[in-house]
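Q: Below: one structure in structure tokens.
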Amino acid sequence: MDIVVSGVRPTGNLHLGNYFGALKSFLKMQEENNCYFFIADYHSLTTHPIPADLHENVKTVLVEFLACGLDPEKATLYIQSDLPETAELYLLLNMNAYIGELERCTSFKEKIRTQPQNVNAGLLTYPTLMAADIIIHRAQKVPVGKDQEQHLEMTRTFANRFNRLYNVEYFPEPVAYNFGENLVKIPGLDGGLKMSKSDNENSSIFLADSPEIIRKKLMKAVTDTGQVDPAQPRSQGVKNLFDLMSYFSPPDTLAHFEHTYQAGAIRYGDMKKQLAEDIIVFTSPFREKMLALAADKQYLRKVAAMGAEKAHASASKTVREVREIIGFKSF
Ligand code: TYM
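Counting in this note's numbering, the final residue of the sequence shown is number 1458, and the numbers go up one at a time with none missing.
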């Protein structure tokens, strides 16, 4: 039985990338492991959300976790800020994290490029907070999408550095993991490489999207002019459609469109319509459950309290032991 930790930032509804990169693994892993899944609300502060929005977004993710089938009796589901021990471990790890390595992190460099007006210390030290989240439960496996691979590498660096510095074998080396598969990156509908919450709204399909919205978004998806030469490499937009189809459509549907593409007879309108319907079949059951759960405040409160209590038991033990290792002693 492994210790498993992972988190999702509360920045709105979950999209298909979050599902296939993370949640699908969470669902499988909760069956046989000691799992801690949390809503990373400390992390989301790097973008300065309005307080009322922050709370609403945390609630949305909790509802969507449950609607997807995460079971609070099997896994520990909690809200990151309910575990202030994380903030203490983050402080301690920051003492052994170097500016150079943090500045070299791809996600930090990306933020400097996309939001030069708000390059705060929280962004720079995002990887140490993430490492604290993971090693506070001394996790071995971290189910995430491919975009988080570098953060996991940094987590291993910080965990190993702590062990070396204090000459202990305290923290295990956690690995990025996708239950039984390679790490995935679900593409967006805008011809970009990754479905992402922060990009253009129309590039992402959310689990909560209605069938009408899904159809509309698919119709706007970027392809190419339709003058297909199968011998030439596919445009990114077209590759993305085929990639999405491999997740949502039955194999014979995918094979049919592959065949028409190879024959130079593809009609992207038909392909998009089919893909929209297949995605709707996939998301509809989640939407129905979300509506029921969102109305049940009492249950949500109970789930969050139960998760906070279980996460606290694990985290407080780690922080107590880390304090001893470091040399904080009471008189
Ligand atoms: P976040 O909130 O951006 O994304 C949550 C999870 O969804 C995955 N994901 C994707 N997977 C495949 N294709 C995509 N297009 C796609 N978009 C998102 C992400 O890889 C992630 O697994 N830093 C994390 C949150 C976090 C965390 C942690 C994760 C904080 N502390 C500790 C694991 C362990 C983040 O921003 O994820």
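Quick reminder that beta carbons are idealized off the backbone N, C-alpha and C, glycines included.
As the structure is a prediction and not an experimental result, all values here were calculated from the model.
So, at 7 angstroms on beta carbons, what are the nonlocal neighbours of G1434 in its own chain, with the 5 sequence-adjacent residues on each side left out?
A: Excluding sequence neighbours, G1434 sits near P1199, T1203, L1204 and Y1205.
Q: Any heavy atom of the ligand TYM within a distance shorter than 8 angstroms of the CB on H1278?
A: At least one heavy atom of the ligand TYM is nearer than 8 angstroms to the Cβ of H1278, so yes.
Q: Would you call the segment 1181–1189 and the segment 1220–1237 touching, i.e. three or more CB-CB distances under 8 angstroms?
A: The segment 1181–1189, when compared against the segment 1220–1237, does not touch it at the 8 angstroms Cβ threshold.
Q: List, from N- to C-terminal side, the alpha helix (DSSP H) runs of 4 residues or more that fit wholly inside the segment 1351–1376.
A: Listed in chain order, they are 1363–1375.
Q: So what does DSSP say about F1458, is it helix, strand or coil?
A: F1458: coil per DSSP, three-state reduction.
Q: Please report the distance separating the alpha-carbon of S1330 from that of L1143.
A: Their backbone Cα atoms lie some 11 angstroms apart in a straight line.
Q: Relative to the C-alpha of V1190, which candidate in I1341, V1135 and L1256 has its C-alpha closest?
A: Per the Cα distances, V1135.
Q: Using 9 angstroms as the threshold, is the C-beta distance between I1166 and L1216 below it?
A: Against a cut-off of 9 angstroms, the Cβ pair of L1216 and I1166 comes out as no contact.
Q: For the ligand TYM, I want to know if K1344 counts as a neighbour, meaning its beta carbon is within less than 8 angstroms of at least one of the ligand's heavy atoms.
A: Checking every heavy atom of the ligand TYM against the Cβ of K1344, none is found closer than 8 angstroms.
Q: Among R1283, V1295, R1291 and A1348, which residue has its Cα nearest to the Cα of G1315?
A: Closest option to G1315, Cα to Cα, is A1348.
Q: Which residue marks the beginning of the alpha helix (DSSP H) containing N1290, and which one marks its end?
A: First-last of the alpha helix (DSSP H) with N1290: E1276 to L1292.
Q: State the beta-bridge partners of L1308 as determined by DSSP.
A: One point to set straight first is that residue 1308 is Glu, not Leu, in the sequence displayed. For E1308, which the question treats as bridged, DSSP gives the partners N1305.
Q: For N1245, which of helix, strand or coil comes out of DSSP?
A: In the structure shown, N1245 sits in a helix (DSSP, three-state: H, G or I).
Q: Take every Cβ of the segment 1388–1407, pair it with every Cβ of the segment 1361–1375, and state whether three or more of those distances are shorter than 8 angstroms.
A: Touching, yes.
Q: Assuming the contact rule is C-beta atoms closer than 8 angstroms, A1286 and A1258 should be a hit. Round their C-beta distance to whole Å, please.
A: 7 angstroms between Cβ atoms; contact.
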